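Here the protein sequences come in this chain order: A and B.
In the working numbering, each number is its position in the first sequence, counted from 1, plus 8.
In the working numbering, each number is its position in the second sequence, counted from 1, plus 72.
Remarks on the structure that follows.
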Amino acid sequence: MSNIIIEFKDVYKSFNGLLVHEGINLSIRKGEIMSLLGGSGSGKSVLLKELIGLMKPDKGDIMVFGKNVTQMKEDELIKLREHVGMLFQGAALFDSLTVFENIAYPLREHLQLTEKEIRERVAEKLRVVGLSGIEIKMPAELSGGMKKRVGLARAIATEPDIILYDEPTTGLDPMTAQRINELIVELQRKLGVTTIVVTHDLHCVKTVSNRIAMLHDGRIITVGTWEELVTSNIQEVKDFISSTICV
Amino acid sequence: MNILLSIDVAAKKFILSVGQVTLLAIKGFVGIFLPPFNLKLVLREIDNFGAGSLLLVDLIALFTGMVMALQTIYGLSMYGAEMYVGSVVSLSLVRELGPVMASIMVGARVGSGIAAEIGSMQVTEQIDAMRALGASPIKKLVTPKILAAMITLPLLTVTADIIGIFGGMVIALFELEIDRTFYIDSVLTTVTISDLLSGIGKTVFFGALIAVIGCYFGLRTGGGTTGVGRSTTITVVTVSILILISDFFLTKLFLVIF
């Protein structure tokens, strides 16, 4: 139990009276890749946002590194976020900043680095995601896949202990999606980071996950490996898998 | 009962909004005095608000001054006092019309721009990303805009006052054929420092108001691009109304002070 790094304890969340989370309980071990699977609107992304304090649950506790995120003040949350990188669904790059400035952003906020060190770190992270030399480009000049990879470079810039991926392969062509999947696994192997991937892409889940948790009607209905998921007897899991033709 | 319930809900929403705007204004204003100070961001906003609005504000001021002069000459000629056109135009412009016209123009242009910029960032998760990367949207977005608007609007108003008075002079020269020196003298003897300060003083407040309202509606944007459109519209309407309402109270206040 000591290697558990993230823990959701009986988390409830509703929006305008609509219950999204109805007692979520989930533990994530240090260094594993956990995928959160579920249909659109099942509240997967909300869980990620709650994890770093961008949203507060109505009830329940979220423990990260043994500390309760729901009780943290803004300055404590900022310290926590130094150790957590997040890739947003649409990459969420800052439109008005270049690729370099986007990746340098968390470095300037969190770390006391010289300009030379920042330049080196940005170049290194762009190399990791296979996009060397695009520092001066603006986000508007990038394709969807490139934006995701720059978003990933920004998420890993501070070399965090936890990386959160919100729909990393949604809207991408199969080749680019595969490249992103490989990057997720590569980063976990190289850096040993704890990873949470929120997705409804079963191919992504199968490729990257150590364990998978499936959300349905506001609850986690199963947690297990890919093999356990596809052989599950739970009707909702069977329905979800059979409705996805590209398994 | 349904009507009463609706009124109750609307009143609660209104009070909640007022509270949220006030809180945002306090946080944004306090941010001016707390490190880290980012002068580059403030200068960028000043350039955006000031340089971008200068032509618009001065063009409106020029024609307002000219129309004011025409109407004043018409009104004063009934009493044979049309020679005082410079005094009336300058006093009206400096104390009231210049600050309010400039603020409404800037409010529409800058307020909607702020709401659209922050609203777009909100719907594309850039605000969440900013927070996730350890930065404060208040410090990075709201504070520089408030400070820039508080600096820029008074400066724009000074130019509007000068151009407006110049517009009045052009009309006076052509319509009344009065001497240019007489017009300028009547302006300088009529307008006092306290008149100028009471006008400019209001615009510091209007500037903060425009930035806060734009940021508030930008930050609460939801519902994709339609939501951004809604936020910009409501910002322009709210800013215009609030400028006119607060102008009344500020005028009362400044009449006591100056």
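The C-beta atom is built at its ideal place from N, Cα and C for all residues, glycine as well.
The structure presented is a predicted model; accordingly, all values stated were derived computationally and were not measured.
{"Check": "Per DSSP, cross-strand counterpart(s) of Val19 of chain A", "Outcome": "A:Ile32"}
{"Check": "Helix, strand or coil at Asn241 of chain A according to DSSP, with G and I counted as helix", "Outcome": "coil"}
{"Check": "DSSP bridge partner residues for Leu172 of chain A (one or two, in chain order)", "Outcome": "A:Met94 and A:Ile204"}
{"Check": "Cross-strand partners of Ser43 of chain A (DSSP beta bridge)", "Outcome": "A:Val205 and A:Ile220"}
{"Check": "Helix, strand or coil at Leu115 of chain A [DSSP, three-state]", "Outcome": "helix"}
{"Check": "Ala100 of chain A versus Thr136 of chain B - alpha carbon distance", "Outcome": "44 Å"}
{"Check": "Residues near Leu191 of chain A in its chain [Cβ-Cβ closer than 7 Å; skip 5 each side]", "Outcome": "Val137 and Leu160"}
{"Check": "The region 270-289 of chain B touching the region 93-103 of chain B, judged by at least three CB pairs closer than 8 Å", "Outcome": "yes"}
{"Check": "Where the region 185-204 of chain B meets chain A: residues whose CB sits under 7 Å from a CB there", "Outcome": "Thr196, Glu197, Gln198, Asp200, Ala201, Arg203 and Ala204"}
{"Check": "DSSP state of Met9 of chain A mapped onto helix, strand, coil", "Outcome": "Because the pLDDT of Met9 of chain A is 47, which lies under 50, any placement of that residue in the model is unreliable, and the number read from its coordinates should be weighed accordingly. Met9 of chain A: coil per DSSP, three-state reduction."}
{"Check": "Start-end ranges of the alpha helix (DSSP H) lying completely within the region 166-207 of chain B, minimum 4 residues", "Outcome": "170-178, 184-195 and 198-204"}
{"Check": "Proximity below 7 Å, CB of Glu90 of chain A to CB of His118 of chain A", "Outcome": "yes"}
{"Check": "N- and C-terminal bounds of the beta strand (DSSP E) containing Asp251 of chain B", "Outcome": "Neither: Asp251 of chain B is in no beta strand (DSSP E) and is coded neither H nor E."}
{"Check": "Between the CA atoms of Ile36 of chain A and Lys17 of chain A - distance to the nearest angstrom", "Outcome": "12 Å"}
{"Check": "Residues near Met9 of chain A in its chain [Cβ-Cβ closer than 7 Å; skip 5 each side]", "Outcome": "Because Met9 of chain A carries a pLDDT of 47, less than 50, the predicted location of this residue cannot be relied on, and the following value inherits that uncertainty. Closer than 7 Å at the Cβ level, and outside the excluded window around Met9 of chain A, lies no residue."}
{"Check": "Buried or exposed (CB count within 10 angstroms, at least 16 for buried), Glu58 of chain A", "Outcome": "buried"}
{"Check": "Proximal chain A residues relative to Gly206 of chain B, where beta-carbon distance stays under 7 Å", "Outcome": "Ile86, Arg89, Glu90, Pro114, Glu117 and His118"}
{"Check": "Element boundaries [beta strand (DSSP E), containing Thr230 of chain A]", "Outcome": "Arg227 to Gly232"}
{"Check": "Span separating the alpha-carbon of Ile242 of chain A from that of Cys212 of chain A", "Outcome": "21 Å"}
{"Check": "Candidates B:Leu169, B:Val102 and B:Ile237: closest to Asp319 of chain B by CA position", "Outcome": "B:Leu169"}
{"Check": "CB contact check: Leu62 of chain A to chain B, cutoff 7 Å", "Outcome": "yes"}
{"Check": "Interfacial residues, the region 145-179 of chain A to chain B, with Cβ spacing under 8 Å", "Outcome": "Arg162"}
{"Check": "Buried/exposed call for Met154 of chain A, threshold 16 Cβ in 10 Å", "Outcome": "buried"}
{"Check": "Backbone secondary structure at Val72 of chain A - three-state DSSP", "Outcome": "strand"}
{"Check": "Extent of the continuous alpha helix (DSSP H) to which Thr94 of chain B belongs", "Outcome": "Asn74 to Val102"}
{"Check": "Whole-angstrom distance between Arg129 of chain A and Leu121 of chain A, CA atom to CA atom", "Outcome": "10 Å"}
{"Check": "Where Ile186 of chain B falls, given that 16 or more other Cβ within 10 Å makes a residue buried", "Outcome": "buried"}
{"Check": "Supposed contact pair Ser43 of chain A and Ile220 of chain A - C-beta distance, whole angstroms, cut 8 Å", "Outcome": "5 Å"}
{"Check": "Ala123 of chain B, buried or exposed, once every other Cβ within 10 Å from all chains shown has been counted against 16", "Outcome": "exposed"}
{"Check": "For Gly46 of chain A, the nearest candidate out of A:Val216, A:Val205 and A:Leu115 (CA to CA)", "Outcome": "A:Val205"}
{"Check": "Boundaries of the alpha helix (DSSP H) in which Asn189 of chain A is found, first to last residue", "Outcome": "Pro182 to Leu199"}
{"Check": "Neighbour flag for Phe102 of chain A against chain B, beta carbons, 7 Å", "Outcome": "yes"}
{"Check": "Interface flag, Met183 of chain A vs chain B, CB-CB below 7 Å", "Outcome": "no"}
{"Check": "Cβ pair Ile228 of chain A, Ile32 of chain A closer than 7 Å", "Outcome": "yes"}
{"Check": "DSSP-derived helix/strand/coil call for Leu105 of chain A", "Outcome": "coil"}
{"Check": "Check whether Ser312 of chain B and Gly191 of chain B have beta carbons under 7 Å apart", "Outcome": "no"}
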